[in-house]
Each structure stands twice: as structure tokens, then as C-alpha cells.
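Here the structure comes first, spelled out in C-alpha cells, and everything after it is commentary.
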Amino acid sequence: MFERFTREARRIVEAAQQEARSVGATHVRPEHLLVALADRCSPLLFFEAGPPVPLGDPSPITAAKLRAHLASEDPDAEALATLGISLADVRRAVEHAFGPEAWAPTCAGRIPFAPETKRALEKALREAVELHTRRIGAVELLLGLLRHGDVVCTLIARCGVDPGALYQRQRASIQQL
68 MFERFTREAR
78 RIVEAAQQEA
88 RSVGATHVRP
98 EHLLVALADR
108 CSPLLFFEAG
118 PPVPLGDPSP
128 ITAAKLRAHL
138 ASEDPDAEAL
148 ATLGISLADV
158 RRAVEHAFGP
168 EAWAPTCAGR
178 IPFAPETKRA
188 LEKALREAVE
198 LHTRRIGAVE
208 LLLGLLRHGD
218 VVCTLIARCG
228 VDPGALYQRQ
238 RASIQQL
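Residue numbers (the working numbering): 68 to 244.
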């Protein structure tokens, strides 16, 4: 399947593996792919059709916002927060003292995809086929993630964007080409 991925989509998948590695995950999960998409793609990819975005906030969905939402659900972060300690501050201090890769686990090579990530990638392929596009790019990856739903749609909704409207808008943008 990866032979159909554009160069950009391959970089996003590699960035998702790095994202998973940076948080100590044993598998690349759909939320890692979403963070990589938000980090690597134009903010325009994530604009929602509908009311204008408030000034000063060019995109309601950013990698930083997604990471913050994911960190707020981390049980380790919650346990430390009850003691008045910020996991993000601890991470920054460790990286400052020992280097940028100090927090990352020492696993070399590729991190495997979780089953739900594989299903989201398969849905991205289905989107490309349905839309008669020859390649899978960033938009098809996003559509596959949105079609898969679950954690990704919850994260997008927490950023103030309707996942269904985002799906329809992105799909329409491809159909117009």
C-alpha cells in the first residue's frame, strides 16, 4: 500500500512514528498520525467550513493543541498534577539537562502500527479509490482518520472543529480537482 503514498504522506507516516517514539508508545496510533498531519501540513488543511476562525488563531487544529489534549488524558500526567508537578515541565527539564532525545525511549527502528492505525490507513486507501485519485496524500490520510473516527474525532472536536464538517469539506476539495 505504501507505494501509493505521496512523498508528503510518507513523511507524515515517518513523523507519526517519531511522535509515537517521543511519547514512549509501543505502537503508532491514529492520534500520532493526526499530530504528524497537523505538524507537517498547511493549516488550511484543517480549516472547518462554517463560522470564521477567531483572529490570532489561524488554525483551530495544531500539533501543539493536539499534544496538549493528549497529555491532559495521560494518567501519569494526571498523577503528577495532583502533586502540583507538570509532566511537560519535567520533560522539558530532562531534555534541557540531557539533550533533546533524552526523554525518548531507546527503541531503534520502526515502531509497528496499532491495528486501528492500519484500519485508518486502509480507509485512506479506500478514500483515494472512491475519489479516483492515483495517490494517497495528506488529505486522503486525514479522510481515512476521520472515517475511522474514535480518538481522532474526539481530539478534533476538542479543538472546536466538527469532524463531520471537516470530512465533508476535505472530500469536497478533492472532488473539485
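Backbone N, C-alpha and C fix where the C-beta goes; we use that ideal spot for every residue, glycine too.
{"Asked": "Distance between leucine 100 and threonine 129 (C-alpha atoms, nearest Å)", "Found": "13 Å"}
{"Asked": "Strand pairing of valine 95, partner residues [DSSP]", "Found": "Phe180"}
{"Asked": "Pair within 9 Å by beta-carbon distance, leucine 209 and leucine 133", "Found": "no"}
{"Asked": "Beta-carbon proximity list for glutamate 98, same chain, < 8 Å, skipping 5 on both sides", "Found": "Leu133, Leu137, Val218, Val219, Leu222"}
{"Asked": "Beta-carbon proximity of glycine 204 to lysine 190, cut-off 9 Å", "Found": "no"}
{"Asked": "Short Cβ contact (9 Å threshold) for threonine 184 with arginine 96", "Found": "yes"}
{"Asked": "DSSP bridge partner residues for phenylalanine 72 (one or two, in chain order)", "Found": "Ile203"}
{"Asked": "Integer-rounded CB distance, given that histidine 94 should sit under 8 Å from alanine 83", "Found": "Going by Cβ atoms, the distance from alanine 83 to histidine 94 rounds to 11 Å, so no, they are not a contact pair."}
{"Asked": "Local conformation of aspartate 124 per DSSP, three classes", "Found": "With a pLDDT of 49 at aspartate 124, under the threshold of 50, the predicted position of this residue should be treated as unreliable, though the coordinate-derived value follows. Three-state DSSP puts aspartate 124 in coil, outside helix and strand."}
{"Asked": "Alpha-carbon to alpha-carbon, histidine 215 and alanine 187", "Found": "5 Å"}
{"Asked": "Separation of cysteine 108 from glutamate 162, as counted between CA atoms", "Found": "26 Å"}
{"Asked": "Aspartate 106 to leucine 150 span [Cα, whole Å]", "Found": "31 Å"}
{"Asked": "Valine 228: first and last residue of the uninterrupted alpha helix (DSSP H) it sits in", "Found": "Element bounds for valine 228: n/a, residue is neither H nor E."}
{"Asked": "Contact check, isoleucine 178 vs alanine 92, beta carbons under 9 Å", "Found": "yes"}
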